[in-house]
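Working notes for the structure below.
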Amino acid sequence: MTDAHPEPVRALPADALPAAAAVPAPAAPDDAPLPSAAEQVIAEARQRIDALDGQIIELVRRRVEISGEVQRARMGAGGRRLHLAREMEVLRVYGDALGRPGTALAMTLLELGRGRV
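Everything in the sequence shown is counted per the UniProt record's numbering, starting at 1 for the first residue and increasing by one.
Structure, rendered in C-alpha cells:
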C-alpha cells in the first residue's frame, strides 16, 4: 500500500465564480417579514388610508341624509321619489372620473340614498 498524498486545496480565482447579480435571489413568500423601513412606510400609509376611509364613510352618510331631503321635498311637491335623469348624470360623472369601478361606486351611492329600485 502506498500513502497517497492529496493535492492541496487551492482557492478558485475570483472570476471563476458567477457574479452575484447574475444569480437570482430567491423569491420571498408573500408573508415574509419586510424590512423595518418598509414596515413603517406601510403602517403610516395604512393609517392615512384608515383616516380617509373614516372621512369617506362620514361623507356617504351625509350624502344619504341630503338625498333623503331631496326625495321628501320632491314627493311633498307631488313628484316622484326618483329622478332618473339625475341618476344618469351621477353615473356619468363617476364613470367619467373613475371608469367602470366609478359607475359601480355611483350605483352603490345611489342605492344607499334611495334604496333598491
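Think of the CB as a built atom: it goes at the ideal place given N, C-alpha and C, for glycine as much as any other residue.
Query, Result
"Can the beta-carbon of A106 be found closer than 8 Å to that of L82?", "no"
"Tell me which same chain residues have a C-beta within less than 6 Å of the C-beta of Q71, skipping the five on either side of it?", "R81"
"Please say whether G113 and R63 have beta carbons closer to each other than 8 Å?", "yes"
"Please classify L93: does DSSP put it in a helix, a strand, or coil?", "Rather than Leu, the amino acid found at residue 93 in this sequence is Val. V93: helix per DSSP, three-state reduction."
"Below 8 Å on the Cβ atoms is my contact criterion, and I expect E87 with L110 to pass it. Report the Cβ-Cβ distance as a whole number of Å.", "6 Å"
"Quick check: what's the CA-CA separation for L34 versus R46?", "15 Å"
"Going along the chain, which residues of its own chain have a beta-carbon closer than 6 Å to the beta-carbon of A21, five neighbours each way excluded?", "Residue confidence is low: A21 scores 46 on pLDDT, short of 50, so the model does not pin down where it sits. No coordinate-derived value is stated."
"Which two residues bound the contiguous alpha helix (DSSP H) that contains T79?", "With the sequence shown as reference, residue 79 is identified as Gly, and Thr is not the correct amino acid for it. Unbroken run through G79: none, as it is neither H nor E."
"As a quick exercise: from E65, D53, L52, pick the residue whose alpha carbon is nearest that of G115.", "E65"
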